[in-house]
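A.B. asks: Below is a structure I'd like to ask you about.
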Amino acid sequence: MQLSLITALALLVLTAVGFLAGRSRALALAEKDGSRLHSLPGYHGYYVALWAGLPGFAVLAAYALAGTMIVNTIVLDRMERAAEPLQARYELALANDDIWSEAEREIARLDDEMAALRGEAEQVIAAEGVQSDAVEALRARQDELQFAQDDARFTRDARANTIAGDIIQAVPEAGDHALARAGFEFARLPVQEREVFLADARALAFGDGLASRDTPELRATAGALQPVHSAIAWGACLGALGLALAGLAFARTHLAVRFRARNRVEWVISATLALASLIAILTTLGIVFSLLFESLRFFAAIDWRVADFLFGTQWSPQTAIRPGQIGQSGSFGAVPLFAGTALITLIAMMVAAPVGLFAAIYLSEYADSRVRAWAKPALEILAGVPTVVYGFFALLTVGPLLRDFALFLGYEDAVTQSALSAGLVMGVMIIPFVSSLSDDVINAVPQSLRDGAYAMGATKSETIRHVVFPAALPGIVGALLLAVSRAVGETMIVVMAAGQAANLTANPLESVTTITVQIVTLLTGDQEFNSPKTLSAFALGLVLFVLTLILNIIALRVVQSYREKYD
Amino acid sequence: MGAIALAIAFLGVLLGTIVLQASGAFTNYVLTLPVTLEREIADPRGDMSEASLRRGSYNQLIQRSLQSEFPAASSRADLRELFGLYSGLNAASVMHRVIADPSLVGSTIDVTMPANHEIDLYLKGVTVEESITAGSGTIQAGAISGDITLSSDSPAFANAIARIRQQASSERDALLGRAARLEADAAGAASRDAREAGLAAARRAREEAARFDTVIDPETRITLGPRTASLLIRLNGGVVAVSALTPDGREAEGRVLLPLESAEASASWSEWVIETPAAARRITDQQAVYARALEERGMVERRFNTNLFLNADSREPELAGVMGAFIGSVLTMLVTMLLAVPIGVGTAIYLEEFAPKNRLTGFIEVNINNLAAVPSIVFGLLGLAVFINTFGMPRSAPLVGGFVLALMTLPTVIISSRAALRAVPPSIREAALGIGASRTQAVFQHVLPLAMPGILTGSIIGLAQALGETAPLLMIGMVAFVADAPSLGLSGLTQPSTVMPVQVFLWSGASERAFEMRTAAAILVLLTLMIIFNAAAIILRRRFERRW
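Protein chains in written order, with UniProt numbering: chain A, 1 to 567; chain B, 1 to 548.
And the structure:
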């Protein structure tokens, strides 16, 4: 870290030196030649500075990104080679061991049996559906087999550990053998513990962070890491500096009176700007591909029963623990989530659409400039309040208030976390969104239409109802669609105020759950990344993304075509 | 008009309730104790080294000091209630003081620490209702400590008995009324199950009501328990908790909570009624007595709550503060700003000034408009899948949070920057080009400076949005409980941390009542930050706005 920081500073200095050198050289050339430069001397300076800085920083950035990985690969490779004899002895010992081989055969047999069971389950599910007793029985049978297999695995691994222990005991701890032992130990570690092992070794070697353990093997790995690391670090830093110097010298020889330095520099600038604009595309691609990729993994984990996911009515992701479990696709029926989302969105729009629309009409048609001067900022404040604040308000003020009111009316099952409280508060949140979009649309209706209506003798309210509103309608519909997409994607209010229970209900006083709530629930807290439970969050994310994308595209189309009509 | 008023009223109610809820959090009750730093406890190894001082049992010293205030508290249960007045975590601050100045060992220092949050809420009058009325008549205590009998020649406790009976009969009436309603509902119920459930509920209510009969009956002794209001008698500088009263109001049995100075008969005594029943509150009668006694001795007082602003998060509400989240927010916002503003402005300049009008740039434009409307949580999923799982960046780090928020803010910055660039009239460009400037020179030396105020305004509004964003940060694990504030610097970027809105979310889910007002206070801090951001944007707009 220290070294690369110093190198970065040195590169900055070299860049500055490049600028000065380029400029003074250009001035000297012009004076000697007696004619005018093609480009201003500053551009010659920038040209040299770019040649000095860019390659150097590129090397440094590459090192920062990949340096650690390269060091790890080299050292691990070395460890693996050192451990080869041990590994060979270990494998031979395993092959000759009866207990181990017996357990291995048992595991394979159980695997076959479970595959047969899954095949059988396919037919049963096709015949009787996922939620049937027959499937339940098959699932119980599968759990039994799985249990037996786990047992066999345990026997096998315990035996393997004993044998590995024997082998490692026979190797002395000192010198080169320590590295062999480290390689052997590392090869036997499961994947997630390998990362811990490497992190510990790095902590011991470079003191970045605290090591969780301190064993001779780790020490040996750390000892192997150190020289490789410093060689690569020095190589990268000196390489960067060398490239910078070479670039500086190379660019300096280019300079001439007729040299078109400005065009070169400007080309670099516009290329940089174009690259910046590609980031937006990369983000979209990143979203689409990451969601798609993880969703495909999820669908693979539930045996491609996409229809069960989209149209199933039971959402209980907690029950599907193991990948490949029979009938687990039945726990991922997302209809209750879609229904909950729709219910809350509906309530929110019932608040936001009238209030926002009337506010916009009032502001653009009736209000004088004094009212506008304070009403607009107030609406902007409402729009700027973080959603977590609305969530807190819904949870602690609106929710209890509504519950007490429902109890007062004699509805005994009232709860604090209800679709109604989340929907109402979300509606308030969307009011400024609707009103500012509609305000723009109404303002865009040409004055000539209003004047025409007045000339025919219409009153102000008649003009608004029969002329302005119909003229602005497409734009208003677009605004409302955008508001719906906003409500569908809103997270914090529903996480805090709508509850977690996947009820399939149209009763606004019950608690419901939404797509976004479930994404948050599935992805916070402890998680292993490969279980269908976690992956299902990405499938939900994909549904959310596609849904909002469709709404946005329609809305933007509508608004755009409307704009063109009056421009 | 009505619609606007409604929207403004919502805003008023929202802010009003939050300010109201937060008001209690800005002050708290602190306990100041003279603590003698005894050498053998503070310095167990006896060599005054830092390692030895760190092993000192400072909590024990605080406990000794508190015990010396109430020498009568000796049983295990008494001591547990006494030491419940503060959190043992406060011992750490004593330790830091001693390590900073080892010469303190052996001397007596004043230790000021926040009182336990339940005590704090009690003293603020939030959780517990109580009243004190002067007693009439002369009463005589049987002893000065232990279980004693208070007796009087006149019916001194008649008022108390009347009040208890009145409360009991009103509660009984309420229960009977509820039972009657349930029975009426059950009679008209649709199904048999509903009818039986209704009748069972009514039966339970009647049984509960019957328990009050003995209290109301004028002939029987009245016993007070955890479900009734507590009656404490203050007499001769001590406090007695009454457990039973004779129906004639001349005698009361009870336990001494604070020793009496003497057992003489006295006419100056008062009834101290804690109306919230013991079962419905989190502090005991004994703790209330200790807290009030300390308050009278001037050792408990209300002060401005500095912990709220200077501490990081804590499991104990009285020690929890927003500092850690604030630093996390600053770091995250720095990353967001350094990424989103240059990239966003660059994109805007390219699209507005340089890009040829072809399908690719058209696609980029559509793309940016759509990206602006993608739900924020989707960006969180992107961050989790790409930055954390693919690139192996650390979870919960401000660096990754900044990346995600930068991608989220990018469309806002681009759109507002393009609008600002478009607002610069073409005549400026043409004039620059006309006198021989290149396209780049015209843009960077003439158009951009004129568009700068608009660009800055848009960027600040985008950053303010990012500052209040919670959902995407939940995805990348910034919800962890972080008891140490991250360091303000490069290394802080990869340390686990949280941000202001996530802190609000975390506290709002906490079970302790005291966190509720702290959540509201944290919201006020967050809103203040956002108002500062927005005010900066408005000032910029007002000062530099130019109409062409």
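Quick reminder that beta carbons are idealized off the backbone N, C-alpha and C, glycines included. Computed from a predicted structure; not experimentally measured.
Got a sec: is the Cβ-Cβ distance from glutamine 60 of chain B to anything in chain A below 9 Å?
C.D. replies: Working through the second sequence from its first residue, we reach residue 60 of chain B at position 60. It does not; no Cβ of chain A falls within 9 Å.
A.B. asks: Take the Cβ of histidine 117 of chain B as the centre, count every other Cβ of all protein chains shown within 10 Å, and call the residue buried at 16 or more, exposed below.
C.D. replies: Numbered from its first residue, the second sequence carries residue 117 of chain B at position 117. Buried, since its Cβ has 16 or more Cβ neighbours within 10 Å.
A.B. asks: Go ahead and label histidine 96 of chain B buried or exposed: buried means 16 or more other beta carbons lie within 10 angstroms of its beta carbon, across all protein chains shown.
C.D. replies: Walking along the second sequence from the start, residue 96 of chain B turns up at place 96. Classification for histidine 96 of chain B: exposed.
A.B. asks: Taking threonine 514 of chain A as part of the beta strand (DSSP E), name the residues at either end of that continuous run.
C.D. replies: Stepping through the first sequence from its first residue, residue 514 of chain A is reached at position 514. Segment: none, threonine 514 of chain A is in no beta strand (DSSP E) and carries neither H nor E.
A.B. asks: Do proline 400 of chain A and threonine 416 of chain A come within 9 Å of each other at the CB atom, strictly closer than that value?
C.D. replies: For this step, residue 416 of chain A is matched to residue 416 along the first sequence. For this step, residue 400 of chain A is matched to residue 400 along the first sequence. In contact: threonine 416 of chain A and proline 400 of chain A (Cβ atoms closer than 9 Å).
A.B. asks: Determine the direct distance from the alpha carbon of serine 52 of chain B to that of alanine 265 of chain B, and round the result to whole angstroms.
C.D. replies: The sequence position of residue 265 of chain B within the second sequence is 265, counting from 1. The sequence position of residue 52 of chain B within the second sequence is 52, counting from 1. In a straight line, the C-alpha of alanine 265 of chain B is about 54 Å away from that of serine 52 of chain B.
A.B. asks: Near alanine 143 of chain B, what residues of its chain come up, given a Cβ to Cβ distance below 7 Å and the 5 sequence neighbours on each side ignored?
C.D. replies: As a working mapping, residue 143 of chain B is identified with position 143 in the second sequence. Within the same chain, alanine 143 of chain B has close Cβ partners Ala263.
A.B. asks: Using only CA atoms, which one of A:Gly423, A:Arg156, A:Leu86 and A:Ala58 lies nearest to glutamate 104 of chain A?
C.D. replies: As a position in the first sequence, residue 104 of chain A is number 104, starting the count at 1. Ranking the options by Cα distance to glutamate 104 of chain A, first place goes to A:Arg156.
A.B. asks: In angstroms with no decimal places, state the Cα-to-Cα distance between asparagine 307 of chain B and proline 114 of chain B.
C.D. replies: Sequence index remark: in the second sequence, residue 307 of chain B carries index 307 (1-based). Sequence index remark: in the second sequence, residue 114 of chain B carries index 114 (1-based). If I take the Cα positions, the gap works out to 9 Å.
A.B. asks: Determine the burial state of tyrosine 58 of chain B: buried for a count of at least 16 other Cβ atoms within 10 Å of its Cβ, exposed for fewer.
C.D. replies: Against the second sequence, residue 58 of chain B aligns to sequence position 58. Per the 10 Å Cβ criterion, buried.
A.B. asks: Here's the rule I'm using: 16 or more other beta-carbon atoms within 10 Å means buried, otherwise exposed. How should phenylalanine 481 of chain B be labelled?
C.D. replies: Stepping through the second sequence from its first residue, residue 481 of chain B is reached at position 481. That one is exposed.
A.B. asks: Is the beta carbon of glycine 333 of chain A sitting closer than 9 Å to the one on tryptophan 315 of chain A?
C.D. replies: Here residue 333 of chain A is taken as the residue at index 333 of the first sequence, counted from 1. Here residue 315 of chain A is taken as the residue at index 315 of the first sequence, counted from 1. Yes, the Cβ-Cβ distance between glycine 333 of chain A and tryptophan 315 of chain A is below 9 Å.
A.B. asks: For chain A, find out if any of its Cβ atoms is closer than 9 Å to the Cβ of alanine 385 of chain B; answer yes or no.
C.D. replies: Locating residue 385 of chain B in the second sequence gives position 385, where the first residue counts as 1. Answer yes: the Cβ-Cβ gap between alanine 385 of chain B and chain A drops below 9 Å somewhere.
A.B. asks: Within the 9 Å Cβ cut-off, does leucine 351 of chain B reach chain A?
C.D. replies: The sequence position of residue 351 of chain B within the second sequence is 351, counting from 1. Chain A, which has a Cβ nearer than 9 Å to the Cβ of leucine 351 of chain B, makes this yes.
A.B. asks: Using a Cβ-Cβ distance under 9 Å, would arginine 429 of chain B count as near chain A?
C.D. replies: Reading the second sequence from its first residue, position 429 is the one you call residue 429 of chain B. No, arginine 429 of chain B does not count as interfacial toward chain A.
A.B. asks: So which residues on chain B does valine 477 of chain A lean against when the C-beta distance must stay under 8 Å?
C.D. replies: Reading the first sequence from its first residue, position 477 is the one you call residue 477 of chain A. Residues of chain B passing the Cβ test: none, with the nearest at roughly 16 Å.
A.B. asks: Do aspartate 285 of chain B and valine 232 of chain B come within 9 Å of each other at the CB atom, strictly closer than that value?
C.D. replies: Counting from 1 along the second sequence, the entry for residue 232 of chain B is found at position 232. Counting from 1 along the second sequence, the entry for residue 285 of chain B is found at position 285. Looking at the sequence provided, one finds leucine at residue 232 of chain B rather than valine. Closer than 9 Å, so yes.
A.B. asks: Does DSSP classify asparagine 90 of chain B as helix, strand or coil?
C.D. replies: Reading the second sequence from its first residue, position 90 is the one you call residue 90 of chain B. DSSP places asparagine 90 of chain B in helix when its eight states are reduced to three.
A.B. asks: So within the region 210-295 of chain B, which uninterrupted alpha helix (DSSP H) runs reach at least 4 residues, ignoring any that extend past its ends?
C.D. replies: With a minimum length of 4 residues, the continuous alpha helix (DSSP H) runs that stay inside the region 210-295 of chain B are 213-216.
A.B. asks: Which residues in chain B sit within 9 Å of serine 536 of chain A, going by Cβ to Cβ distance?
C.D. replies: Against the first sequence, residue 536 of chain A aligns to sequence position 536. Going along chain B, no residue has its Cβ under 9 Å from serine 536 of chain A, so there is no contact; the nearest lies around 12 Å.
A.B. asks: With distance defined between alpha-carbon atoms, name the residue in B:Leu85, B:Gly88 and B:Met48 nearest to serine 103 of chain B.
C.D. replies: What you label residue 103 of chain B is simply residue 103 of the second sequence in a count that begins at 1. Ranking B:Leu85, B:Gly88 and B:Met48 by Cα distance to serine 103 of chain B puts B:Met48 first.
A.B. asks: Anything in the region 379-396 of chain A with a Cβ closer than 9 Å to a Cβ of chain B? List those residues in chain order, please.
C.D. replies: Under the 9 Å Cβ criterion, the region 379-396 of chain A contributes Leu379, Glu380, Ile381, Leu382, Gly384, Val385, Pro386, Thr387, Val388, Val389, Tyr390, Gly391, Phe392, Phe393, Leu395 and Leu396.
A.B. asks: Name the residues in the region 501-513 of chain B whose C-beta lies less than 7 Å from a C-beta of chain A; which are they?
C.D. replies: So the close ones are Pro501, Val504, Phe505 and Ser508.
A.B. asks: Against chain B, does asparagine 443 of chain A count as a neighbour if the rule is that its beta carbon must be under 9 Å from one of theirs?
C.D. replies: The sequence position of residue 443 of chain A within the first sequence is 443, counting from 1. By this cut-off, asparagine 443 of chain A is not an interface position.
A.B. asks: The alpha helix (DSSP H) that contains phenylalanine 311 of chain A, what's its start and end?
C.D. replies: Reading the first sequence from its first residue, position 311 is the one you call residue 311 of chain A. From DSSP, the alpha helix (DSSP H) with phenylalanine 311 of chain A extends over 306-311.
A.B. asks: List the whole-angstrom C-beta distance separating alanine 49 of chain A from threonine 73 of chain A, where the pair is believed to meet the contact cut-off of C-beta under 8 Å.
C.D. replies: Counted from its first residue, the first sequence places residue 49 of chain A at position 49. Counted from its first residue, the first sequence places residue 73 of chain A at position 73. Their Cβ separation, rounded to whole angstroms, is 35 Å, which puts alanine 49 of chain A and threonine 73 of chain A out of contact at 8 Å.
A.B. asks: Across the region 442-458 of chain A and the region 28-44 of chain B, are there enough close Cβ pairs to call them in contact, namely three or more that are closer than 8 Å?
C.D. replies: As far as the Cβ criterion goes, the region 442-458 of chain A does not touch the region 28-44 of chain B, which means the pair count is below three.
A.B. asks: Would the region 504-519 of chain A and the region 418-426 of chain A be scored as touching if the rule is three or more Cβ pairs under 8 Å?
C.D. replies: Result yes; three or more Cβ-Cβ pairs closer than 8 Å.
A.B. asks: Which residue marks the beginning of the beta strand (DSSP E) containing alanine 134 of chain B, and which one marks its end?
C.D. replies: Residue 134 of chain B sits at position 134 when you count from the first residue of the second sequence. 130-134 is the extent of the beta strand (DSSP E) around alanine 134 of chain B.
A.B. asks: Which residues bound the beta strand (DSSP E) around serine 151 of chain B?
C.D. replies: As a working mapping, residue 151 of chain B is identified with position 151 in the second sequence. Taken as a continuous stretch (DSSP letters only), the beta strand (DSSP E) holding serine 151 of chain B covers 147-152.
A.B. asks: Excluding the 5 residues preceding and the 5 following asparagine 90 of chain B in the sequence, name in chain order all residues of the same chain whose CB lies nearer than 6 Å to its CB.
C.D. replies: The residue given as residue 90 of chain B occupies position 90 in the second sequence. Excluding residues within five positions, the ones whose Cβ falls inside 6 Å are Met113.
A.B. asks: State the DSSP-derived secondary structure class of aspartate 313 of chain B, mapped to helix, strand or coil.
C.D. replies: Numbered from 1 along the second sequence, position 313 holds the residue referred to as residue 313 of chain B. Coil.
A.B. asks: Count the other CB atoms, across all protein chains shown, that sit within 10 Å of the CB of threonine 284 of chain A; report buried if there are 16 or more and exposed otherwise.
C.D. replies: One-based indexing of the first sequence puts residue 284 of chain A at position 284. Label assigned to threonine 284 of chain A: buried.
A.B. asks: Measuring straight from C-alpha to C-alpha, what distance separates asparagine 358 of chain A and alanine 3 of chain B?
C.D. replies: Position 358 of the first sequence, counting from 1, holds the residue named residue 358 of chain A. Position 3 of the second sequence, counting from 1, holds the residue named residue 3 of chain B. The identity of residue 358 of chain A in the sequence shown is phenylalanine, whereas the question assumes asparagine. So the alpha carbons of these two residues sit roughly 6 Å apart.
A.B. asks: Anything in chain B within Cβ reach of glycine 286 of chain A, meaning under 9 Å, just list it in chain order.
C.D. replies: On the first sequence, position 286 is the one that residue 286 of chain A refers to. Ordered by position in chain B, the residues that pass the 9 Å Cβ test against glycine 286 of chain A are Leu382, Ala385, Val386 and Leu407.
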